[in-house]
Structures are given as C-alpha cells and as structure tokens.
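With numbering that gives the first Met the number 0 applied, the sequence shown closes on residue 214, and no number is skipped along the way. All C-beta atoms in this analysis are idealised placements derived from N, C-alpha and C, irrespective of residue type, glycine included. The structure presented is a predicted model; accordingly, all values stated were derived computationally and were not measured. What follows is a set of notes on a single structure, which appears directly below.
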Amino acid sequence: MAPTKKDAKEEKEAKLTPEQSAALIADYLRKQNRPYSATDISTNLKNRVTKAAAAKLLKDMHERKEIEGRAAGKQIVYHSIQDEADEDGLEKLQAMDAETTRLREATTQLKAEEKELKLALREGTSQVPLPELRTSVASLEQEKAELVARLAKLKGGNLKPVSLDEREKVNAAHRKWQRAAAARKKIRHELWQVIAGQIEKDKIEETKEVLGLEF
0 MAPTKKDAKE EKEAKLTPEQ SAALIADYLR KQNRPYSATD ISTNLKNRVT KAAAAKLLKD
60 MHERKEIEGR AAGKQIVYHS IQDEADEDGL EKLQAMDAET TRLREATTQL KAEEKELKLA
120 LREGTSQVPL PELRTSVASL EQEKAELVAR LAKLKGGNLK PVSLDEREKV NAAHRKWQRA
180 AAARKKIRHE LWQVIAGQIE KDKIEETKEV LGLEF
C-alpha cells in the first residue's frame, strides 16, 4: 500500500536534525516565555521532538548557557534567558515611576481643589439672591454698552486728539494745584494744632465736628 500524504508529512516532521530540534525548542521557549519540562515541551510540540530527545537537547542547551534550567520537584524545568535591563533602561523606568507618582498626586490634589471650588460655588450661589444677581448683570451690561459707545467714538475719529503741548499744559496745571493743595493742607494742620492747644481735650472731637473738619 502506497504511503499517503499524511504519512509522508508525519515522516518528514519526525526526521528533524538535532540542530533543528534544538532551534524548535529554543523558539518555543522564547515565544511562551515560561518554564516547561522536557515532557511538556515534547507534548506541546506534538511529539515532533521525542521526550528523550527533548531531555537531552535541553540538558545540552542548558550546559551551553543557551537557556535557563532549575529543579521543580522531581523534574527540571527550562525557560529562555531573560534579557537583563541595562542601566539606561532602569533609569527610564525609575523616571517613569516618579512621573506616574507625581501625576497621581497632582490628580488627587486637583480633584480636592475641584471639590472645594464646587462647594464654594454652591455656597456663593445660595448666599446671593437671584434678583440681586440679575441687577448686577443688568448694571454690567449697561456699563458695557457705554464703554462700547465710547470706543466707537474713539475709533470713528470724531474726537479731536489732544496735542502734546495741551497735554503738558494740563499736567503743569495739575502739578501746580497739587502743590497748592499740599501747602493748604499743611496750613490747616498747623492752625488746628494751635486751636486744639487752646481747648479742653474732651472737646476736641466735638469742635472738629462743629467746624466740619475731616482729618
């Protein structure tokens, strides 16, 4: 009876060289990234590598430090060698952990602030009556309209610009009257000191009210 395609395929798969079997096992361990015994590997590879061959190949690969192996009960399990993280990678991981911690703390603080602001907003709304709020809004809208009207006049160029000479004259007059006001204030203070020295202490405030003095 001629061999079927299935028999030919099974025969082809069974005739792996030791190098091919070792490569197949190493690739399987790398992809699975977990420990397996020789029996597990042989079974999981659908017996393409026999249990005895797997045990020998795993032992040889372990001795060549191509894979890791450790005792687990009465059997030895093997796994692929894990790449050790380099120093730069560790520093990046530490920086990421620190940034994660900072962001988590910042998020917690912002949530607390948000809660406080919402509470303050609710309290503020409950304290200010709605009619008062409407009056304030109406007043602000009127003020806005007046400012817009003034701005329109300025933009329209209908107002005559103030020249530098006129501005300097106004400033000079302002400084002049400031000096006059300061001198009068000093005279008023000196006169009051003279008056206050001539009246009884308990009548000083009453005298100020009678004279209409506010200082």
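Whole-angstrom distance between residue j and residue i, CA atom to CA atom
| i | j | result |
| --- | --- | --- |
| R121 | A105 | 24 Å |
| L150 | K143 | 10 Å |
| H61 | N32 | 16 Å |
| A25 | N46 | 15 Å |
| Y27 | Q93 | 32 Å |
| I75 | S20 | 19 Å |
| E131 | R103 | 41 Å |
| A181 | V169 | 18 Å |
| L190 | A119 | 53 Å |
| K184 | T107 | 58 Å |
| E167 | L146 | 27 Å |
| L15 | A51 | 14 Å |
| R178 | A171 | 11 Å |
| K55 | R101 | 52 Å |
Residue i vs residue j beta-carbon contact at 8 Å
| i | j | result |
| --- | --- | --- |
| L57 | A70 | no |
| I203 | A195 | yes |
| I40 | A53 | yes |
Contacting residues, own chain, Cβ-Cβ under 6 Å from residue i (five flanking each side not counted)
| i | result |
| --- | --- |
| L212 | none |
| K207 | none |
| G68 | H61, I75, Y77 |
| N43 | none |
Paired residues, beta bridge with residue i - DSSP
| i | result |
| --- | --- |
| Q74 | A71 |
| I194 | None, per the DSSP bridge assignment. |
| S79 | I66 |
Same chain, Cβ closer than 7 Å to residue i, five either side skipped, listed in chain order
| i | result |
| --- | --- |
| T49 | S41 |
Span of the alpha helix (DSSP H) around residue i
| i | result |
| --- | --- |
| S41 | 37 to 43 |
| K200 | First-last for K200: undefined, no H or E at that position. |
| K14 | Neither: K14 is in no alpha helix (DSSP H) and is coded neither H nor E. |
Cβ shell of residue i (< 8 Å), same chain only, five flanking positions each side left out
| i | result |
| --- | --- |
| S79 | A25, L28, R29, N32, I66, E67 |
| K117 | none |
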